[in-house]
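**Student:** Under the numbering used here, read the sequence shown as residues 3 to 324, first letter to last. We treat Cβ as the ideally placed atom computed from N, Cα and C, and that holds for glycine.
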Amino acid sequence: MTAPHRPTPDEIADARKRIAPHFARTPLVRLDLGFPDRQIFLKLETLSPIGAFKLRPALNAMLSRNPAELAKGVAVTSSGNMAYGMAWAARLVGVPMVAYMYRGAPQTKIDGVRALGGEVRFVSAETWWDYITDVDHPDAPELLINPVIDQAVLAGNGSIGMEIIEDLPDVDVVLNPYGGGSMTTGVASALKAASDRCRVFAVEDDSAAPVSAALAAGQIVTIETRPSFIKSIGAPSLVPQLWPVARELIDGAIAVSPGEVCDAMRLLFKKAKVVAEGAGAASLAAAIARPDLKGNIVCVISGGNIDAAAYSTVLGGGIPSA
3 MTAPHRPTPD EIADARKRIA PHFARTPLVR LDLGFPDRQI FLKLETLSPI
53 GAFKLRPALN AMLSRNPAEL AKGVAVTSSG NMAYGMAWAA RLVGVPMVAY
103 MYRGAPQTKI DGVRALGGEV RFVSAETWWD YITDVDHPDA PELLINPVID
153 QAVLAGNGSI GMEIIEDLPD VDVVLNPYGG GSMTTGVASA LKAASDRCRV
203 FAVEDDSAAP VSAALAAGQI VTIETRPSFI KSIGAPSLVP QLWPVARELI
253 DGAIAVSPGE VCDAMRLLFK KAKVVAEGAG AASLAAAIAR PDLKGNIVCV
303 ISGGNIDAAA YSTVLGGGIP SA
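Encoded structure:
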């Protein structure tokens, strides 16, 4: 696979135009928390047709392909939301779809894939990571689209940053949940091309924070992880093909605890009536945890696909089991 590069403004604009007929612009809304020196804004990707931002990269990855490439179907490796998005896009195009997922992925995402006609094939966590990092790939006929390093995926994610800068030209900080890094890279590419003032931070679950570790060490490292209910961010390491690109774009990393994320989820429900999954609320948790960040702060609320039982635990004041 060709090494990914920072998506250009033209690539991002083309992606946005390509997906626009199928994906309504998501709103940027202010969350009034009474801070005197900073304003918090929410980029509500929870309002996408699948409840998460991943429909953008999935659509762009599908719609930018030659139809002949998709003749035998499409496949993706995902913890849930990218699989959900790819199933939606595959149904739109009219081709079979397969998701490689690990057991323990949120049931709501598994059910979403199947409801859209996708097939779920479970693999071990180790195999799943090998597919993500392109160390290995399934022996299957479908076109495998990498959810992290595919160039069309990065450009599709850049449409989020383009919308942010249009709605809030004087944005100072954007906080992005960092899983594989494709969203952060795409969003930061759009923002940095348009603004000299905006800083972009990767937000992680401190149960598994490889970006923070890599920045501290000056290189990719493998870390010990702890079980966490937050499934869409956190990994034992970073995707090596993407890290050089992401590293040049981000201004730092912020690791938040599952407890802080649950507090943010409850705050989103109470103050904005927004349902966010753990990864989706991590950006708001980071904004609250870092009072040194000033000015106009945008939190990308990346998704709201959380199992009902886990969300009930959060609203009841607890932290869901891993």
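Buried or exposed: Leu118, going by 16 or more other Cβ atoms within 10 Å of its Cβ?
**Tutor:** Along the sequence shown, read from residue 1 onward, the residue named residue 118 stands at position 116. With 16 or more Cβ atoms within 10 Å of its Cβ, Leu118 is classed as buried.
**Student:** What did DSSP end up calling Val173 once you bin it into helix, strand or coil?
**Tutor:** Start at 1 with the first residue of the sequence shown, and residue 173 comes out as number 171. Three-state result, Val173: coil.
**Student:** Based on the DSSP secondary-structure assignment, which residues constitute the bridge partners of Ala77?
**Tutor:** For the purposes of this step, residue 77 is taken as residue 75 along the sequence shown, with counting starting at 1. Note: Ala77 sits in a beta bridge opposite Val100 and Leu146.
**Student:** Of the choices Ile299, Gly188 and Ala274, whose alpha-carbon is the least far from that of Cys200?
**Tutor:** Position 198 of the sequence shown, counted from the first residue, corresponds to residue 200. Of Ile299, Gly188 and Ala274, the residue nearest in Cα terms is Ile299.
**Student:** Helix, strand or coil for Tyr43? Go by DSSP, reduced to three states.
**Tutor:** One-based indexing of the sequence shown puts residue 43 at position 41. Per the sequence shown, the amino acid found at residue 43 is Phe instead of Tyr. It is a strand residue.
**Student:** Classify Thr224: buried if its beta carbon has 16 or more other beta carbons within 10 angstroms, exposed otherwise.
**Tutor:** As a first step, residue 224 is located in the sequence shown; it is residue number 222 there, counting from the start. That one is exposed.
**Student:** Taking only beta-carbon atoms, is Ser234 less than 8 Å away from chain C?
**Tutor:** Given the protein chain composition of this structure (a single chain), no chain C is represented.
**Student:** If you follow the beta strand (DSSP E) that Ile256 is in, where does it begin and where does it stop?
**Tutor:** In the sequence shown, counting from the first residue as 1, residue 256 sits at position 254. Where Ile256 is concerned, the enclosing beta strand (DSSP E) stretches over Ala255 to Val258.
**Student:** Using the DSSP secondary-structure output, state which residues sit across from Phe124 in a beta bridge.
**Tutor:** Mapped onto the sequence shown, residue 124 falls at position 122. Partner(s): Met103.
**Student:** Pop quiz: Tyr145 and Val241 are said to be a contact at Cβ under 8 Å. What is the actual Cβ separation, rounded to whole angstroms?
**Tutor:** Position 143 of the sequence shown holds residue 145. Position 239 of the sequence shown holds residue 241. In the sequence on display, residue 145 carries Leu and not Tyr. So it is not a contact: roughly 20 Å between Cβ atoms.
**Student:** Three-state secondary structure (DSSP) at Phe25?
**Tutor:** The residue given as residue 25 occupies position 23 in the sequence shown. Three-state result, Phe25: coil.
**Student:** Rounded to whole angstroms, what is the Cα-Cα separation between Thr277 and Leu269?
**Tutor:** Counted from its first residue, the sequence shown places residue 277 at position 275. Counted from its first residue, the sequence shown places residue 269 at position 267. The amino acid occupying residue 277 in the given sequence is Val; Thr does not appear at that position. In a straight line, the C-alpha of Val277 is about 10 Å away from that of Leu269.
**Student:** Alpha carbon to alpha carbon, how far is Asp39 from Tyr104? Give it in angstroms, no decimals.
**Tutor:** On the sequence shown, position 102 is the one that residue 104 refers to. On the sequence shown, position 37 is the one that residue 39 refers to. One C-alpha to the other measures close to 43 Å.
**Student:** By Cβ distance below 7 Å, which residues in the same chain neighbour Lys56 in space, the five residues on each side in sequence not counted?
**Tutor:** Taking the sequence shown and counting its residues from 1, one reaches residue 56 at position 54. Within the same chain, Lys56 has close Cβ partners Asn83, Met84, Tyr86 and Gly87.
**Student:** Leaving out the 5 sequence neighbours to the left and right, which residues in its chain are closer than 7 Å to Asp208 when beta-carbon positions are compared?
**Tutor:** On the sequence shown, position 206 is the one that residue 208 refers to. Ala257, Val258 and Ser259.
**Student:** Among Ser314, Cys264 and Gln41, whose alpha-carbon lies nearest the alpha-carbon of Val176?
**Tutor:** Translated into the one-based positions of the sequence shown, residue 176 becomes position 174. Nearest C-alpha to Val176: Gln41.
**Student:** Tell me which same chain residues have a C-beta within less than 7 Å of the C-beta of Thr79, skipping the five on either side of it?
**Tutor:** Translated into the one-based positions of the sequence shown, residue 79 becomes position 77. Cβ neighbours of Thr79 beyond the five flanking positions: Tyr102, Trp130, Tyr133, Ile134 and Pro149.
**Student:** So, at 8 Å on beta carbons, what are the nonlocal neighbours of Gly306 in its own chain, with the 5 sequence-adjacent residues on each side left out?
**Tutor:** As a working mapping, residue 306 is identified with position 304 in the sequence shown. Thr48, Gly53, Ala54, Val276, Val277, Ala278, Glu279 and Gly282, listed in sequence order.
**Student:** When the Cα atoms are used, what is the spatial distance from Gly182 to Ala237?
**Tutor:** For the purposes of this step, residue 182 is taken as residue 180 along the sequence shown, with counting starting at 1. For the purposes of this step, residue 237 is taken as residue 235 along the sequence shown, with counting starting at 1. C-alpha separation (whole angstroms): 8 Å.
**Student:** Using the Cα positions of Leu46 and Arg249, report the straight-line distance between them to the nearest angstrom.
**Tutor:** Taking the sequence shown and counting its residues from 1, one reaches residue 46 at position 44. Taking the sequence shown and counting its residues from 1, one reaches residue 249 at position 247. Going from the Cα of Leu46 to the Cα of Arg249 covers about 25 Å.
**Student:** For Met185 and Phe124, what's the separation of their Cα atoms in angstroms?
**Tutor:** By one-based count along the sequence shown, residue 185 stands at place 183. By one-based count along the sequence shown, residue 124 stands at place 122. When rounded, the distance between both Cα atoms is 24 Å.
**Student:** So the alpha helix (DSSP H) Ile321 belongs to, where does it begin and stop?
**Tutor:** The count along the sequence shown starts at 1 and reaches residue 321 at position 319. Segment: none, Ile321 is in no alpha helix (DSSP H) and carries neither H nor E.
**Student:** In whole angstroms, what is the alpha-carbon distance linking Val202 and Gly297?
**Tutor:** For the purposes of this step, residue 202 is taken as the residue at position 200 of the sequence shown. For the purposes of this step, residue 297 is taken as the residue at position 295 of the sequence shown. C-alpha separation (whole angstroms): 13 Å.
**Student:** Quick check: the Cα distance between Val316 and Leu65, rounded to an integer number of angstroms?
**Tutor:** Here the question's residue 316 lines up with position 314 in the sequence shown. Here the question's residue 65 lines up with position 63 in the sequence shown. Roughly 38 Å between the two C-alpha positions.
**Student:** Can you grab the Cα-Cα spacing for the pair Trp245 / Ser191, in whole Å?
**Tutor:** Here residue 245 is taken as the residue at index 243 of the sequence shown, counted from 1. Here residue 191 is taken as the residue at index 189 of the sequence shown, counted from 1. Their Cα atoms are separated by approximately 14 Å.
**Student:** State the DSSP-derived secondary structure class of Ser271, mapped to helix, strand or coil.
**Tutor:** Your numbering for residue 271 matches position 269 in the sequence shown. Checking the displayed sequence, the identity of residue 271 turns out to be Phe instead of Ser. Reduced to three states, the DSSP call for Phe271 is helix.
**Student:** Expressed to the nearest angstrom, what Euclidean distance is found between the alpha-carbon atoms of Ala218 and Ala70?
**Tutor:** Translated into positions along the sequence shown, residue 218 becomes position 216. Translated into positions along the sequence shown, residue 70 becomes position 68. If I take the Cα positions, the gap works out to 45 Å.
**Student:** Quick one: give me the first and last residue of the beta strand (DSSP E) that Ala204 is part of.
**Tutor:** Taking the sequence shown and counting its residues from 1, the one referred to as residue 204 is at position 202. Element bounds for Ala204: Arg201 to Asp207.
**Student:** Check the DSSP bridge columns for Cys301 and list the partner residues they point to.
**Tutor:** Locating residue 301 in the sequence shown gives position 299, counting from the first residue. Cys301 pairs with Leu44 and Leu177.
**Student:** Near Ala312, which residues of its chain fall below 7 Å by C-beta distance, leaving aside the five closest residues on each side in sequence?
**Tutor:** Counting from 1 along the sequence shown, the entry for residue 312 is found at position 310. Answer for Ala312: Phe231 and Pro322, listed in chain order.
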